[in-house]
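So the structure is just underneath, and the comments pick up after that.
Residue numbers (the numbering used here): 134 to 277.
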C-alpha cells in the first residue's frame with residue numbers, strides 16, 4: 134500500500150475533546166469525511182489536483198469564477214458558494230445574519246461553532262449538522 138503521507142498535514146490545533154465531539158456528532162458520514170479531509174488539507178480541489186500533476190486537472194482555476202480553487206474557495210469563498218452560505222445564514226441563523234468567508238473557514242477548521250445561533254430551535258439539528266449539510270450540499274453540486 135502506498136504511503137499517503139497524511140501525517141505531515143495533521144492538524145494538531147484541535148484537542149482530543151474537540152475530536153471526540155466531532156465524532157459523536159450525528160452528521161452524515163460523507164459530510165464528516167469532507168470536513169476531516171478539509172482540516173487535514175486533503176480535499177480534492179483544482180489547485181491540489183494540479184499540484185499533484187493529475188491528468189484530469191487541466192487547470193488550478195475554479196470552473197465557475199476562474200479564481201484559483203483551493204479548499205476554502207471550493208467550499209466557501211467562491212462567490213457562487215458564498216451565496217449559498219449567505220442565504221442559509223439569513224434563513225436559519227439568528228446570529229450572524231451574513232456569511233463572512235474567513236470566519237466560516239476559521240470556524241470549520243477549528244471546530245469553533247459556538248458563535249453561531251440557530252434561529253429555529255425546533256429543527257432538532259446541531260450547528261455541526263447545519264455546517265456539515267451546507268458543505269456536503271455544495272460539494273455534491275460542485276461535482277455533479
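Yeah, the Cβ is synthetic: ideal placement off N, Cα and C, and Gly gets one too.
Check                                                                                                                                                    : Outcome
Using 8 Å for Cβ pairs, my map puts residue 220 next to residue 250. What's the rounded Cβ distance?                                                     : In fact, because the Cβ distance is near 17 Å, the residues do not count as touching under 8 Å.
What does residue 207 pair with, by DSSP beta-bridge criteria?                                                                                           : Beta-bridge pairing links residue 207 to no other residue.
Residue range of the alpha helix (DSSP H) that residue 221 falls in?                                                                                     : 212-225
What whole-angstrom Cβ distance do residue 203 and residue 167 have, given they're in contact under 8 Å?                                                 : Rounded, the Cβ-Cβ distance is 15 Å, inconsistent with contact.
Per DSSP, which residues does residue 194 bridge with? Please list them.                                                                                 : 201
Counting only the same chain and skipping the five closest in sequence on each side, list residues whose C-beta sits under 6 Å from that of residue 176. : 170, 204
Given a cut-off of 8 Å on the beta-carbon distance, is the pair residue 215 and residue 190 in contact?                                                  : no
Under a three-way DSSP split, which group does residue 276 fall into?                                                                                    : coil
Whole angstroms are fine: how far does the CA of residue 173 sit from the CA of residue 244?                                                             : 13 Å
Report the option in 224, 223, 262, 184 whose CA atom is closest to the CA atom of residue 156.                                                          : 262
Could you round the C-beta distance between residue 209 and residue 234 to whole angstroms and report it? I think they count as a contact, below 8 Å.    : 5 Å
Please classify residue 180: does DSSP put it in a helix, a strand, or coil?                                                                             : helix
Measure how close the beta-carbons of residue 224 and residue 211 come, nearest whole angstrom, since I'm counting them as under 8 Å.                    : Not a contact, Cβ separation roughly 20 Å.
Going by the DSSP bridge assignment, what does residue 228 pair with across the sheet?                                                                   : 250
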